[in-house]
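Everything in the sequence shown is counted per our numbering, starting at 154 for the first residue and increasing by one.
Everything on this sheet refers to the single structure shown next.
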Amino acid sequence: MKPVTTSLAVLAIAALLSAQAQAQPSGQQKSRGNAPALPRSSAPPAHAQRHRDTPPVTRDRTPPTYRTGVRPPNLEQRRREADPKTYRHNYQSAQRYRWNTYVRPQGWYSHRWIYGDILPTLFWTRTYWISDFWLFNLRIPPLGYVWVRYGDDALLVNTTTGEILQVVYSVYY
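Right, here's the structure in full:
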């Protein structure tokens, strides 16, 4: 056979096989030998199952109980009255703020925290505290909790255990 004829024959076979594959019904897998075709599973792959229990992220639509940008009056009294049970959420910040550059400790990589996680003690030291939380539209932390900056996010952390009570994503840029 001539090279041109061989090339055309190969192209014709490839086109024929491609057309057969496209004609296959989308609800079934291609059969293997004498085995019947199996219906395709609509379940997500096994590796996707492990994140199924991750709480959803919502926009924080609850306004703070103080004027943003102004230190709340009676702060200590309000901290004593704050109920930690009302904080268990992951939120996307309604507004982003430009602030100092975040410097992660050497050897640490970015991680997406969720409430219930335990933050390593290295990150809940005063170096990372957000002591002026009212400037960033963050809720008043209950007694025993402090807002901690982790990258672009703000984490509400128990100062005794390191447990994360609330996460507000994308507060900073």
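By construction, the Cβ of each residue, glycine as well, lies at the ideal position given by its N, Cα and C atoms.
Remember, it's a predicted structure, so these values are computed and weren't measured experimentally.
If you run the structure through DSSP and keep just helix, strand and coil, what is residue i?
i	result
Trp-282	strand
Gln-259	coil
Tyr-326	coil
Leu-275	helix
Trp-287	helix
Leu-308	strand
Gln-230	helix
Tyr-240	helix
Tyr-268	coil
Arg-302	strand
Leu-296	coil
Gln-245	strand
Taking just the CA atoms, how far does residue j sit from residue i?
i	j	result
Glu-316	Ser-323	20 Å
Trp-266	Val-301	12 Å
Arg-257	Thr-280	11 Å
Relative to the C-alpha of residue i, which candidate in the options has its C-alpha closest?
i	options	result
Gln-245	Asn-311, Ser-263, Glu-234, Phe-289	Phe-289
Pro-237	Val-321, Tyr-325, Asn-311, Tyr-326	Asn-311
Gln-259	Gln-248, Gly-269, Ala-247, Leu-275	Leu-275
Tyr-342	Tyr-255, Pro-226, Leu-228	This structure cannot speak to residue 342, because the chain is shown only from 154 to 326.
Pro-295	Ala-235, Trp-282, Trp-277	Ala-235
Asn-243	Gln-230, Ile-283, Asn-227, Leu-291	Leu-291
Asp-306	His-264, Thr-314, Pro-273	His-264
Would you mind giving the Cβ-Cβ distance between residue i and residue j, rounded to the nearest angstrom? I have them listed as a contact below 8 Å.
i	j	result
Lys-241	Tyr-268	A small fix is needed here, since residue 241 is Arg in this sequence, not Lys. Indeed, because the Cβ distance is near 5 Å, the residues count as touching under 8 Å.
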